[in-house]
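Heads up, the thing below is written out as structure tokens.
2 protein chains.
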Amino acid sequence: MTPRDRVLVHFTADLVILTIRGGALHVLLVERANEPFAGLLALPGGFLRGAETVRQAAERELREETGVDPATLHLEQVGVYSAPDRDPRPRRVITCAFLAIAPDLPVPTAGSDARSARWTPVDDLLGGATRLAFDHDQVLADAVEQAREKLRFSTVATVFCEPEFTISDLREVYEAVWGVELDRPNFHRKVTDADGFIIPTDGKRAVPTGRPARLYRAGPADVLDPPMARTARTRPRF
Amino acid sequence: MTPRDRVLVHFTADLVILTIRGGALHVLLVERANEPFAGLLALPGGFLRGAETVRQAAERELREETGVDPATLHLEQVGVYSAPDRDPRPRRVITCAFLAIAPDLPVPTAGSDARSARWTPVDDLLGGATRLAFDHDQVLADAVEQAREKLRFSTVATVFCEPEFTISDLREVYEAVWGVELDRPNFHRKVTDADGFIIPTDGKRAVPTGRPARLYRAGPADVLDPPMARTARTRPRF
DNA sequence: CCAAAAGTGTTCATACTACACCCATGG
DNA sequence: CCATGGGTGTAGTATGAACACTTTTGG
Numbered sequence: 001m002t003p004r005d006r007v008l009v010h011f012t013a014d015l016v017i018l019t020i021r022g023g024a025l026h027v028l029l030v031e032r033a034n035e036p037f038a039g040l041l042a043l044p045g046g047f048l049r050g051a052e053t054v055r056q057a058a059e060r061e062l063r064e065e066t067g068v069d070p071a072t073l074h075l076e077q078v079g080v081y082s083a084p085d086r087d088p089r090p091r092r093v094i095t096c097a098f099l100a101i102a103p104d105l106p107v108p109t110a111g112s113d114a115r116s117a118r119w120t121p122v123d124d125l126l127g128g129a130t131r132l133a134f135d136h137d138q139v140l141a142d143a144v145e146q147a148r149e150k151l152r153f154s155t156v157a158t159v160f161c162e163p164e165f166t167i168s169d170l171r172e173v174y175e176a177v178w179g180v181e182l183d184r185p186n187f188h189r190k191v192t193d194a195d196g197f198i199i200p201t202d203g204k205r206a207v208p209t210g211r212p213a214r215l216y217r218a219g220p221a222d223v224l225d226p227p228m229a230r231t232a233r234t235r236p237r238f
Numbered sequence: 001m002t003p004r005d006r007v008l009v010h011f012t013a014d015l016v017i018l019t020i021r022g023g024a025l026h027v028l029l030v031e032r033a034n035e036p037f038a039g040l041l042a043l044p045g046g047f048l049r050g051a052e053t054v055r056q057a058a059e060r061e062l063r064e065e066t067g068v069d070p071a072t073l074h075l076e077q078v079g080v081y082s083a084p085d086r087d088p089r090p091r092r093v094i095t096c097a098f099l100a101i102a103p104d105l106p107v108p109t110a111g112s113d114a115r116s117a118r119w120t121p122v123d124d125l126l127g128g129a130t131r132l133a134f135d136h137d138q139v140l141a142d143a144v145e146q147a148r149e150k151l152r153f154s155t156v157a158t159v160f161c162e163p164e165f166t167i168s169d170l171r172e173v174y175e176a177v178w179g180v181e182l183d184r185p186n187f188h189r190k191v192t193d194a195d196g197f198i199i200p201t202d203g204k205r206a207v208p209t210g211r212p213a214r215l216y217r218a219g220p221a222d223v224l225d226p227p228m229a230r231t232a233r234t235r236p237r238f
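Structure follows, in structure tokens:
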């Protein structure tokens, strides 16, 4: 082959930023201001610049969209999307998708890009009712599936929570991401027994009614072994 | 930002083709004929051309290097490597690494590219004794770790084997990839009980000494649940 | 005291570990 | 018959599922 066969491409990093709002998994979407797909909803993202790595580009976008220090969040690669027709512009655009996990954030800086950012329930999108720009429907589905698996084998669920959280908070993370109901007593034992998953603090948090819950913070472990079982509990009979 | 900030890059697909030879995990390496890194060992790979997807480029390279139909092998994405200095050429080159799993193949077509391909024991490389071109040491380490995890939760181990194989063949795959010794009786039960992992055939294979082993072929399942335990068996005391 | 949520104890089933033992074949 | 690797049985242990139960608060 000759070097002339080599395609020159643009490269982007796209972000699937997940959080939990009101017990449901949400993803941050932006309304596209420019062509292609102007007016359509899309994952936030942007072109690789200068001497950045792809990850650095993703971190820059994450900071721009959420205003949060990427070091405090969880960010991992999902994969490359390279279908030649995924972007209609003449110059090919290949993207690398990243999965970001964040606690419930205010949507602050619609600033820099003047694109309106909004949290959208993931369930509304996976059904296929709304179509996203580019191949972002597929990217979203892949990233959500990766997040679901990640929760089984790692302790990232704590990143969805505030710095101090109750065991019920943590359980609701699993229930929102997996869309199942988990057995409360068994979940409690599981996470308290797991080495380095959560660390008890002195504080407690009052609840609307009932016994106050102990507060915990994230522990040093990042792998969860044995993993969290994803089986739904049997629904209580009436 | 202006469109001028967007970097134009070349894109490659690099392959970590793993197989098992003589009970040890091997990877296919090529000696680079051209600069950069001429003379050094590297993972096979090549530039994205025309309207290919990255996966199609990987499949094309796989066919060129091994002469085998990619449809019969296992091929999955590992990730993107985009450090700006990973390739010294003035135009940036970003790569997407793929993990390929293959049965023991003859190294046929050193043909098209006139690069000498060779199977190399992975253990010799992970130690860091030999340095590979580009960031391929890191790519190899990531891909091998991905293969190790993949074996736990999927049935891909059968792809390392010939179409018909014995349970000992399959066990030796796990032992080679994981570098452990597994309990033979328990492994036997585990894989025969697992639904859709292996299907018995009518054949048997004579062994140098001892009872002939039943032959199996790969089953339809691709997930292995519950997963294979990675714990080494206690070494037999003498 | 009652409702509700936090947290603990107990039982049963399953699955894994270790290892004893039997089976089939070649020499 | 013996060595060797294939294959089965089984007892002890660990983990998880289900759910009864106790604890602690607000009203």
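Protein chains in written order, with the UniProt record's numbering: chain R, 1 to 238; chain E, 1 to 238.
Cβ atoms here follow ideal geometry from the backbone N, Cα and C, with glycine treated the same way.
Predicted model, so just to flag it, every value in this text is computed and none were measured.
Going by other Cβ atoms of all chains shown within 10 Å of its Cβ, with 16 needed for buried, is Val-16 (chain R) buried or exposed? On the first sequence, position 16 is the one that residue 16 (chain R) refers to. Val-16 (chain R) should be labelled buried.
Ordered along the chain, which non-local residues of its own chain (more than five positions away) have a Cβ less than 6 Å from that of Leu-73 (chain R)? Taking the first residue of the first sequence as 1, we reach residue 73 (chain R) at position 73. Ala-100 and Ala-102.
Taking the C-alpha atoms as reference points, what is the distance between Pro-121 (chain R) and Arg-63 (chain R)? Your numbering for residue 121 (chain R) matches position 121 in the first sequence. Your numbering for residue 63 (chain R) matches position 63 in the first sequence. C-alpha separation (whole angstroms): 21 Å.
Between the region 197-209 of chain R and the region 127-134 of chain R, do at least 3 Cβ pairs fall closer than 8 Å? no
Can you list the beta strand (DSSP E) stretches of 3 or more residues lying completely in the UniProt domain "Nudix hydrolase" (9-146) of chain E, in chain order? 24-31, 45-47, 74-81, 93-101 and 117-121
Name, please, each residue of chain E whose Cβ falls closer than 8 Å to the Cβ of Asp-5 (chain R). Position 5 of the first sequence holds residue 5 (chain R). Result: Phe-47, Arg-49 and Gly-50.
Ala-213 (chain R) - partner residues in DSSP beta bridges: As a position in the first sequence, residue 213 (chain R) is number 213, starting the count at 1. DSSP output for Ala-213 (chain R) lists R:Arg-205 as bridge partner(s).
Leaving out five residues on either side along the sequence, give the residues of the same chain with a beta carbon under 8 Å from the beta carbon of Leu-224 (chain E). One-based indexing of the second sequence puts residue 224 (chain E) at position 224. Once the five neighbours on either side are set aside, the close Cβ partners of Leu-224 (chain E) are Arg-152, Phe-153, Ser-154, Thr-155, Ala-194 and Phe-197.
Starting from Asp-193 (chain R), trace the alpha helix (DSSP H) both ways and give me its first and last residue. As a position in the first sequence, residue 193 (chain R) is number 193, starting the count at 1. Run containing Asp-193 (chain R): 184-193, per the alpha helix (DSSP H) assignment.
Report the three-state DSSP secondary structure of Arg-230 (chain E) (helix, strand or coil). On the second sequence, position 230 is the one that residue 230 (chain E) refers to. Correct three-state label for Arg-230 (chain E): coil.
Under 8 Å (Cβ pairs) to chain R, residues found in the region 191-221 of chain E: Within the region 191-221 of chain E, no residue qualifies.
Among R:Tyr-216, R:Ser-82 and R:Ala-58, the one whose alpha carbon lies nearest that of His-10 (chain R): Translated into the one-based positions of the first sequence, residue 10 (chain R) becomes position 10. Closest by alpha carbon: R:Ser-82.
Taking 8 Å as the threshold, find out whether the region 24-44 of chain E comes into contact with the region 135-146 of chain E through three or more Cβ pairs. yes
Spell out whether any CB of chain E is found under 9 Å from the CB atom of Thr-53 (chain R). Taking the first residue of the first sequence as 1, we reach residue 53 (chain R) at position 53. True, the Cβ-Cβ gap to chain E drops below 9 Å.
Helix, strand or coil: how does DSSP classify Val-180 (chain E) here? Counting from 1 along the second sequence, the entry for residue 180 (chain E) is found at position 180. The answer is coil: DSSP assigns Val-180 (chain E) none of H, G, I, E or B.
Just how far apart, CA to CA, sit Tyr-216 (chain R) and Arg-205 (chain R)? Position 216 of the first sequence, counted from the first residue, corresponds to residue 216 (chain R). Position 205 of the first sequence, counted from the first residue, corresponds to residue 205 (chain R). Our two residues, Tyr-216 (chain R) and Arg-205 (chain R), have alpha carbons roughly 10 Å apart in a direct line.
Is there a C-beta anywhere in chain R that falls below 9 Å from the one on Gln-146 (chain E)? To locate residue 146 (chain E), count along the second sequence from 1; it is residue 146. Closer than 9 Å: no.
Can you give me the C-alpha to C-alpha distance between Arg-118 (chain R) and Glu-149 (chain E), rounded to a whole angstrom? Sequence index remark: in the first sequence, residue 118 (chain R) carries index 118 (1-based). Sequence index remark: in the second sequence, residue 149 (chain E) carries index 149 (1-based). Computed Cα separation, rounded: 36 Å.
In angstroms with no decimal places, state the Cα-to-Cα distance between Arg-6 (chain R) and Ser-116 (chain E). To locate residue 6 (chain R), count along the first sequence from 1; it is residue 6. To locate residue 116 (chain E), count along the second sequence from 1; it is residue 116. Using only the alpha carbons, I get a separation of about 23 Å.
So what does Ser-168 (chain R) bridge to, in DSSP terms? Start at 1 with the first residue of the first sequence, and residue 168 (chain R) comes out as number 168. DSSP lists no partner for Ser-168 (chain R).
Considering only their Cβ atoms, is the gap separating Asp-14 (chain R) from Gly-45 (chain R) smaller than 9 Å? The residue labelled residue 45 (chain R) in the question sits at position 45 within the first sequence. The residue labelled residue 14 (chain R) in the question sits at position 14 within the first sequence. In contact: Gly-45 (chain R) and Asp-14 (chain R) (Cβ atoms closer than 9 Å).
Nearest-angstrom Cβ-Cβ length linking Val-93 (chain E) and Thr-12 (chain E), presumed shorter than 8 Å: As a position in the second sequence, residue 93 (chain E) is number 93, starting the count at 1. As a position in the second sequence, residue 12 (chain E) is number 12, starting the count at 1. Between Thr-12 (chain E) and Val-93 (chain E) the Cβ distance is about 6 Å, and since that is below 8 Å, they are a contact.
Using a Cβ cut-off of 7 Å, which residues of the region 71-86 of chain R contact any Cβ in chain E, in chain order? Gln-77, Gly-79, Val-80, Ser-82, Ala-83 and Pro-84
Residues that Val-9 (chain R) contacts on chain E, provided the C-beta gap is smaller than 9 Å: The sequence position of residue 9 (chain R) within the first sequence is 9, counting from 1. Ordered by position in chain E, the residues that pass the 9 Å Cβ test against Val-9 (chain R) are Leu-8, Val-9, His-10, Phe-11, Leu-48 and Ile-94.
Just verifying my parser: in three-state terms, what is the DSSP assignment at Ala-157 (chain E)? In the second sequence, residue 157 (chain E) corresponds to position 157, counting from 1. If DSSP states are grouped into helix, strand and coil, Ala-157 (chain E) belongs with the helices.
So is Pro-91 (chain R) in contact with chain E if we call contact Cβ pairs under 9 Å? Position 91 of the first sequence, counting from 1, holds the residue named residue 91 (chain R). As written in the sequence, residue 91 (chain R) is Arg, which differs from the Pro given in the question. Interface annotation, Arg-91 (chain R): in contact with chain E, CB-CB separation under 9 Å.
Evaluate Leu-125 (chain E) with the Cβ neighbour count: other Cβ atoms within 10 Å of its Cβ, from every protein chain shown; 16 or more gives buried, anything less gives exposed. For the purposes of this step, residue 125 (chain E) is identified with residue 125 of the second sequence, where counting begins at 1. Buried is the call here.
Checking the sheet assignment: what are the DSSP bridge partners for Arg-148 (chain E)? Position 148 of the second sequence holds residue 148 (chain E). Beta-bridge pairing links Arg-148 (chain E) to no other residue.
Going by DSSP, which residues form a beta bridge with Val-223 (chain E)? Position 223 of the second sequence, counting from 1, holds the residue named residue 223 (chain E). Beta-bridge pairing links Val-223 (chain E) to E:Ser-154.
Does Ala-114 (chain E) pass the burial test, meaning 16 or more other C-beta atoms within 10 Å, or should it be called exposed? Mapped onto the second sequence, residue 114 (chain E) falls at position 114. Confidence in Ala-114 (chain E) is poor, its pLDDT being 46 and thus under 50, which makes the residue's placement too unreliable to answer from.
Could you check if Ala-33 (chain E) is buried or exposed, using at least 16 other CB atoms within 10 Å of its CB as the buried criterion? Indexing the second sequence from 1 puts residue 33 (chain E) at position 33. It counts as exposed.
Whose CA, out of R:Thr-209, R:Pro-163 and R:Ala-229, lies closest to the CA of His-188 (chain R)? To locate residue 188 (chain R), count along the first sequence from 1; it is residue 188. In terms of Cα proximity to His-188 (chain R), the closest of R:Thr-209, R:Pro-163 and R:Ala-229 is R:Ala-229.
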